[in-house]
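Okay, structure first, notes after.
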Amino acid sequence: MNLAIARTRANVLSLKTRRRWDRLAIHLILLAGALVMVTPFLWMVTLSLKPVELTYQPPHLLPTRFEFSNYTRAWEAAPFARYYLNSIVMTGGIVVSQVFFSSLAAYAFARLRFPGRDLLFLVFLGTMMVPFHVILIPSYLIINRLGWVDSYAALIVPRMVSAFGIFLLRQYYQGIPQELDEAAMIDGLGRLGIWWRIIVPLSAPGLATLGIFAFMFGWNDFLWPLVVTNDPDMRTVQLGLAMFQGRYGTQWTVLMAGTVTATLPTLAVFLLGQRWFIQSIAQTGVKG
Amino acid sequence: MITAAHVRARWQRANRRGDLSAAMIALAPAVVLFALFNVYPLFYSGYLSLMNWDGFSSHREYVGLSNYRELVESPMFRNALGVTVKYTAGVTVLGVVLSLIIAVLLNSGIRGQNLYRLIYFLPVVTSTVAAAVVWRYLMNPGNGYADVFLRSLGIAPPSPSWLRNPTWALRVVILVGVWKRLGFNIVIYLAGLQNIPKDYYEAATVDGAGAWGRFRHITVPLIAPITLLLVIMSVIDAFLIFDVVYVMTDGGPLGTTEVVGLLLYRQAFRYFNLGTASAMGWVIFAIVFTATLVQWKLFGTREVGV
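In the order they appear, the protein sequences are chains Y and B.
Heads up: the first sequence at position 156 corresponds to 156 in my numbering, and the numbers run straight through without jumps.
Here my numbering runs 288 ahead of the position in the second sequence, where the first position is 1.
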């Protein structure tokens with residue numbers, strides 16, 4: 001008994017003295033990892049600011065020279081402004097409609113009673129399991145038959161609702177007290193009025209989370225825009241960047257300026273909403 | 289005589305009618321869009337996989353399962369499946385193991401947890417195309433950062449250089465995949481680790497368990513459900529890889545990075561073998577479906593909660 005207590009004390013003591021070294025070691029490991037994570041970003045920015053004639057000099061991780069002309073050259077060499085416009089229209093359309101339509105559908109699944117509700121919900125969930133590769137070819141044929149190739153409609157309409165969004169918001173809505181609906185119904189609001197006046201305002205964080213997910217998805221999407229656009233004027237930033245790499249593959253500094261341009265919006269949105277974003281990802285994984 | 293029960297029943301009937309019409313309006317856009325762009329294409333692609341068709345000509349021939357048979361026998365497709373499985377295994381194992389280690393270190397109560405988490409998460413939100421472009425140049429022969437770094441340590445970089453080297457190209461692609469995915473895994477692991485009661489660790493410490501013992505006998509078993517979830521999510525995601533390979537290697541050298549997604553894209557949109565490509569899609573679906581089914585069996589009932 002006494003021996004056990006003594007051992008515990010000794011353990012606690014040695015723990016305290018060792019803890020400082022442990023902590024230092026942990027920081028060193030984490031820092032090394034963090035360095036690997038950020039190196040591509042540092043390298044991208046540094047190279048994009050380098051004068052062209054120094055391209056083939058040994059690289060530095062941090063910029064030593066600031067040559068912004070690479071950016072203007074990249075924007076002159078390829079219609080990045082046009083790519084940006086296309087990406088903004090496409091991503092904006094996807095975000096707004098996904099939030100709107102997913103919210104409507106999620107409200108029906110969370111609050112309304114109608115025959116076949118659970119079955120329909122399962123069908124929606126089931127589509128999440130279908131890999132995009134399977135429906136890629138028929139989707140293209142449908143777009144082609146609708147005459148939508150090289151149009152914003154092709155880029156936006158097939159992605160206006162997301163099963164994930166419906167799933168996410170349905171969960172969120174189930175957390176909003178039902179009494180609020182009932183009080184509003186007594187006050188004479190209809191079902192859709194309740195959705196618009198009560199549920200939507202109360203679910204702002206949920207809608208924002210879906211909005212951020214939809215934004216990241218839209219801005220970074222590649223395969224679908226690649227398939228449904230041929231016209232260079234309809235390219236999104238990601239497509240433009242991939243093509244730009246093909247043509248200016250040797251002009252690193254200009255290429256990296258283009259890459260920074262393409263990455264900036266998502267990084268900015270992420271840094272602004274990172275707390276929300278990381279939290280919502282953590283919840284989607286762990287929520288039991 | 290009208291009883292309270294009657295009134296309630298009538299009210300409920302009216303309520304249900306109101307519910308139904310509201311639901312029809314609320315669900316109409318979602319149902320129409322899903323029917324047209326998710327459900328119909330699924331059947332359409334099943335039909336296409338039984339045909340020989342280039343997508344343009346009026347000649348469309350029913351060939352039964354021969355597209356599938358050809359796939360099974362095709363060395364190109366077998367190679368692509370092998371490459372995809374290797375990539376998936378690499379990204380999944382490395383991504384899960386490394387992220388668990390980092391999450392445990394981050395969870396040890398050190399300072400700057402949020403900052404580290406933010407940094408590790410940055411690649412997750414970076415576009416895959418941009419990431420692939422940058423990594424391609426990091427691995428550039430001669431003056432890429434990888435070569436410069438190795439040479440500064442006195443190690444000779446492989447020859448031929450990384451992405452032109454049949455042994456190294458896929459490893460580099462896996463590295464990019466892990467780099468891109470790590471932060472996501474870490475965030476989910478961290479949330480799980482925070483749910484493990486602190487008492488368990490204290491009790492183990494009192495019993496004389498070292499850091500490794502605590503990790504091995506408390507953390508690993510208690511975090512196992514999350515590990516499984518991450519493994520399956522990662523498998524599903526990695527199996528569909530396309531962008532990174534398209535930008536970095538285009539399947540080369542010697543087909544060592546030719547993943548099924550790339551092969552499908554080429555068959556459909558460069559060679560216009562829609563039947564073959566659709567059959568490929570269904571084989572991918574079968575594999576991914578099996579993986580998803582495992583996930584649902586283990587987590588689904590709790591998560592879906594229908």
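Just so you know, even glycine gets a beta-carbon here, dropped at the ideal spot from N, CA and C.
All values reported here derive from a predicted model rather than from experimental measurement.
{"Asked": "Helix, strand or coil at Tyr350(B) [DSSP, three-state]", "Found": "strand"}
{"Asked": "Reference Val269(Y), options Gly258(Y), Val260(Y) and Ile212(Y), closest by Cα", "Found": "Ile212(Y)"}
{"Asked": "Cutoff 8 Å: Pro158(Y) Cβ touching any chain B Cβ", "Found": "yes"}
{"Asked": "Neighbourhood of Ala310(Y) by C-beta distance below 7 Å, restricted to the same chain and skipping five residues each side", "Found": "Absent from the model: residue 310(Y). The displayed extent of chain Y is 1 to 288, so no value can be given."}
{"Asked": "Contacting positions in the stretch 346-365 of chain B - beta carbon closer than 9 Å to chain Y", "Found": "none"}
{"Asked": "Buried versus exposed call for Glu490(B) [16 or more other C-beta atoms within 10 Å across all chains shown]", "Found": "exposed"}
{"Asked": "Element boundaries [alpha helix (DSSP H), containing Lys468(B)]", "Found": "Trp456 to Leu481"}
{"Asked": "Under the three-state DSSP convention, the category Asn431(B) falls into", "Found": "coil"}
{"Asked": "Minimum Cβ-Cβ distance from Gly306(B) to chain Y less than 8 Å", "Found": "yes"}
{"Asked": "Contacts around Gln401(B), its chain only, beta-carbon distance under 6 Å, and the 5 residues preceding and following it disregarded", "Found": "Leu394"}
{"Asked": "Unbroken stretches of the beta strand (DSSP E), 3 residues or longer, contained in the stretch 110-194 of chain Y", "Found": "none"}
{"Asked": "Under 8 Å from the C-beta of Asp342(B): neighbouring residues of chain Y", "Found": "Near Asp342(B) there are no residues of chain Y at all, since even the closest Cβ is about 12 Å away, more than 8 Å."}
{"Asked": "Three CB pairs or more closer than 8 Å across the stretch 31-48 of chain Y and the stretch 412-430 of chain B", "Found": "yes"}
{"Asked": "Classification of Asn326(B) by the beta-carbon crowding that lies within 10 angstroms, buried from 16 upward", "Found": "buried"}
{"Asked": "Distance, Thr545(B) Cα to Ala368(B) Cα", "Found": "8 Å"}
{"Asked": "Status (buried if at least 16 other CB within 10 Å, exposed otherwise) for Trp21(Y)", "Found": "exposed"}
{"Asked": "Contact between the stretch 74-91 of chain Y and the stretch 244-262 of chain Y (3+ Cβ pairs under 8 Å)", "Found": "yes"}
{"Asked": "Proximity to Val461(B) [Cα-Cα], best of Arg504(B), Thr515(B) and Ala377(B)", "Found": "Ala377(B)"}
{"Asked": "Contacts around Ser449(B), its chain only, beta-carbon distance under 6 Å, and the 5 residues preceding and following it disregarded", "Found": "Pro429"}
{"Asked": "Inter-stretch contact at 8 Å, needing at least 3 Cβ pairs: the stretch 80-99 of chain Y / the stretch 191-205 of chain Y", "Found": "no"}
{"Asked": "Start and end residues, alpha helix (DSSP H) containing Phe213(Y)", "Found": "Ala204 to Asn220"}
{"Asked": "Interface partners of Thr266(Y) on chain B, CB under 8 Å", "Found": "Val413, Thr414 and Ser415"}
{"Asked": "Distance CB(Thr536(B))-CB(Leu441(B)) smaller than 8 Å", "Found": "Thr is not the amino acid found at residue 536(B); the sequence shown has Met there. No."}
{"Asked": "Beta-carbon proximity list for Ile143(Y), same chain, < 7 Å, skipping 5 on both sides", "Found": "Val149, Ala154 and Val228"}
{"Asked": "Asn395(B) (DSSP reduced to helix, strand or coil)", "Found": "coil"}
{"Asked": "Contact between the stretch 334-344 of chain B and the stretch 561-574 of chain B (3+ Cβ pairs under 8 Å)", "Found": "yes"}
{"Asked": "Outcome for Thr259(Y) when other beta-carbon atoms lying within 10 angstroms are tallied against a minimum of 16", "Found": "buried"}
{"Asked": "Asn453(B) (DSSP reduced to helix, strand or coil)", "Found": "coil"}
{"Asked": "Neighbour flag for Asn561(B) against chain Y, beta carbons, 8 Å", "Found": "no"}
{"Asked": "Phe215(Y) versus Arg19(Y) - alpha carbon distance", "Found": "43 Å"}
{"Asked": "Any C-beta of chain B under 8 Å from that of Ile137(Y)", "Found": "yes"}
{"Asked": "CB contact below 8 Å: Ser206(Y) versus chain B", "Found": "A quick correction: the sequence has Gly, not Ser, at residue 206(Y). Judged by the 8 Å Cβ criterion, Gly206(Y) is not in contact with chain B."}
{"Asked": "Proximity test, Cβ basis, 8 Å: Ala77(Y) and chain B", "Found": "no"}
{"Asked": "Test: Met90(Y) CB closer than 8 Å to a CB of chain B", "Found": "no"}
{"Asked": "Beta-carbon spacing of Val466(B), Leu386(B) below 8 Å", "Found": "yes"}
{"Asked": "Of the listed residues Leu271(Y), Arg65(Y) and Gln238(Y), nearest to Met291(Y) (C-alpha basis)", "Found": "Nothing can be reported for residue 291(Y), as the shown portion of chain Y is limited to 1 through 288."}
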